[in-house]
Amino acid sequence: MCSRSGQRCSEWLGPAAYSEPSIKSRVFEHDRLSYYITRWRFGSLDGRPYAKHLKRGMIISFGVFQTYYVSALQQPRSDISWIGSIAVFFLFFTGVVSGRLTDAGHFRITTLVGAILVILGTFMTSLGQTYWQILLAQGVCTGLGNGFLLTPMMTLITTYFHSRLALVMGVAACGSTTGGLIYPSMARTLLPTIGFGWTMRAMGFIQLWTLAIALACGKPTPAPKKPAPLVDWSVFKEPEFTLYLIGSFLAFLGVFFPFFFLSSFAREKQGMSYTDSLNLTLVLNGIGFIARLLPSVIARYIGTMNVFIVFLFSSALCMYTWIPVYTISGLYAWTAFYSLSIGGVQSLFLAVVTIINSDISKTGARLGIISAAVGIGALLGSPVSGAIISLGGGSYTGAQIFSGSTLVVGGMFVVASREIKRKQKQGGFWLKL
Numbered sequence: 007m008c009s010r011s012g013q014r015c016s017e018w019l020g021p022a023a024y025s026e027p028s029i030k031s032r033v034f035e036h037d038r039l040s041y042y043i044t045r046w047r048f049g050s051l052d053g054r055p056y057a058k059h060l061k062r063g064m065i066i067s068f069g070v071f072q073t074y075y076v077s078a079l080q081q082p083r084s085d086i087s088w089i090g091s092i093a094v095f096f097l098f099f100t101g102v103v104s105g106r107l108t109d110a111g112h113f114r115i116t117t118l119v120g121a122i123l124v125i126l127g128t129f130m131t132s133l134g135q136t137y138w139q140i141l142l143a144q145g146v147c148t149g150l151g152n153g154f155l156l157t158p159m160m161t162l163i164t165t166y167f168h169s170r171l172a173l174v175m176g177v178a179a180c181g182s183t184t185g186g187l188i189y190p191s192m193a194r195t196l197l198p199t200i201g202f203g204w205t206m207r208a209m210g211f212i213q214l215w216t217l218a219i220a221l222a223c224g225k226p227t228p229a230p231k232k233p234a235p236l237v238d239w240s241v242f243k244e245p246e247f248t249l250y251l252i253g254s255f256l257a258f259l260g261v262f263f264p265f266f267f268l269s270s271f272a273r274e275k276q277g278m279s280y281t282d283s284l285n286l287t288l289v290l291n292g293i294g295f296i297a298r299l300l301p302s303v304i305a306r307y308i309g310t311m312n313v314f315i316v317f318l319f320s321s322a323l324c325m326y327t328w329i330p331v332y333t334i335s336g337l338y339a340w341t342a343f344y345s346l347s348i349g350g351v352q353s354l355f356l357a358v359v360t361i362i363n364s365d366i367s368k369t370g371a372r373l374g375i376i377s378a379a380v381g382i383g384a385l386l387g388s389p390v391s392g393a394i395i396s397l398g399g400g401s402y403t404g405a406q407i408f409s410g411s412t413l414v415v416g417g418m419f420v421v422a423s424r425e426i427k428r429k430q431k432q433g434g435f436w437l438k439l
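One point on numbering: in this note's numbering, the residue at position 266 of the sequence shown is 272, and numbering is uninterrupted.
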């Protein structure tokens, strides 16, 4: 092997990963040629945004369905929000299983099962006539499918990248923004013309196409020979990991509140039409394209965990500043600022795991554990917010305070996790982490 090729590999993987014997043997001995191809095709990143597009694009657009379902199904807000919350819960919580299966070398079968469940759930949603049918199809089935796709795809990226991991994850996260623009636009145009059923089928065909690309481009590495348990309980002996897990859970209690309720707020409090309220969802998701890239670029210079903490607290501040917004123009401005803040949280929270992770061979399992904590937070957050709105007689103030406060408290736990990691490295307060 020529030295020049070796330099290219170390540039992309970073010194730590390049010098790790287990990872080096797992990648190089498995398929040298595919590894070098990865250098110019961005590893599996060419397929990654498409998987991200279908997984989270549909979920962060749930506000479109939230507003429609409340009207069509004649159900309370808190009941409808369970559909989106369950989908988010399974998206992240299933990572405990899918991450471990990926570490064990079952990437292909895991993602194939996920793809089948996503397509099945979307097309069954198009046939749904009752609340429970849609809950099972869109909430449970597609949520499970997405869960079998997210963590394996994330693990795939961490295998090939180290020094530029935050940037690569940020680029990949832009796929969800693409979906967040396409799906609301489709709903806005197609729902009044062809109805709910064929609108969902059209979305299903797009998912079928993007999934095919993602699965074709993903290039897994072979499994380690040493067997491992489903859940790596040893991580809970690491205080920095445990604190980060608690912080992530608390923060994601409030993260998805605007994604689910912004359109409803616009209609009920600002008097906007259903079509105009969808414009806010487009702004929320569209600016997210920049919001996912910019923090990732900054993270290369000042540290992934440092940037993540800043965006956590800025998102909390935005949540509090939503309370005094009384005009439509002010709501558009607030939506833009919140999108910029929360984009950094969504694109970096898994990248932080690689900073506090002490065993790179267990990356998939540890990503799954954090994803599970985030999933539980997302499952509870939006229904609780919906219940607070109902108890407040339709006032959103209590839910806004609740969501902002969970972000603040979660951020404090993440700061504590950073301090432990900083002391372990014996660095100063401004240490790049």
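The C-beta atom is built at its ideal place from N, Cα and C for all residues, glycine as well.
Owing to the predicted nature of the structure, the values given are computational and were not obtained by experimental measurement.
| Query | Result |
| --- | --- |
| Between the Cα of Gly392 and those of Phe96, Gly253, Phe262, Leu214, spot the shortest distance and give me the residue it belongs to. | Phe262 |
| Quick one: is Ala218 buried, meaning 16 or more other Cβ sit within 10 Å of its Cβ, or exposed? | exposed |
| Are Gly350 and Gly105 close, meaning C-beta to C-beta below 8 Å? | no |
| When the Cα atoms are used, what is the spatial distance from Trp436 to Val124? | 43 Å |
| Kindly indicate which residue of Ala78, Thr117, Thr281, Leu413 has the alpha-carbon position closest to the one of Leu256. | Leu413 |
| Comparing C-alpha positions only, which one of Ile304, Phe266, Ser132 sits nearest to Leu197? | Ser132 |
| Leaving out the 5 sequence neighbours to the left and right, which residues in its chain are closer than 6 Å to Asp365 when beta-carbon positions are compared? | none |
| What's the call for Gln139, buried or exposed, on a 16-neighbour Cβ count within 10 Å? | exposed |
| Which residues in the same chain have their Cβ closer than 7 Å to the Cβ of Ser329, if we skip the five residues on either side of it in sequence? | According to the sequence shown, residue 329 is Ile rather than Ser. Answer for Ile329: Thr403, Gln406, listed in chain order. |
| To the nearest angstrom, report how far apart Met209 and Thr184 are at their CA atoms. | 13 Å |
| Between Ser320 and Ser411, what straight-line distance do the alpha-carbon atoms span, to the nearest angstrom? | 12 Å |
| Can you list, in chain order, the residues of its chain whose CB lies under 8 Å from that of Ile315, leaving out five sequence neighbours each side? | Gly417, Val420, Val421, Arg424 |
| Run through DSSP, which three-state label would Gln276 get? | helix |
| For a minimum of 4 consecutive residues, which ranges assigned as the alpha helix (DSSP H) are wholly contained in the segment 79-161? | 83-99, 101-109, 113-133, 137-140 |
| Among residues of its own chain, excluding the 5 on either side of Arg372, which ones have a beta-carbon nearer than 7 Å to its beta-carbon? | Asp238, Val241, Val359, Asn363 |
| Determine, using beta carbons only, whether Ala379 and Ser91 come nearer to each other than 8 Å. | no |
| What residues in its chain sit with their C-beta under 6 Å from that of Tyr326, if we drop five residues either side in the sequence? | Gly410 |
| Report the residue ranges of all alpha helix (DSSP H) runs contained in full by the segment 332-384; include only those spanning at least 4 residues, in chain order. | 334-354, 357-362 |
| Beta-carbon separation of Asn152 and Gly201 under 8 Å? | no |
| Could you tell me whether the Cβ atoms of Thr205 and Gly69 are closer together than 8 Å? | no |
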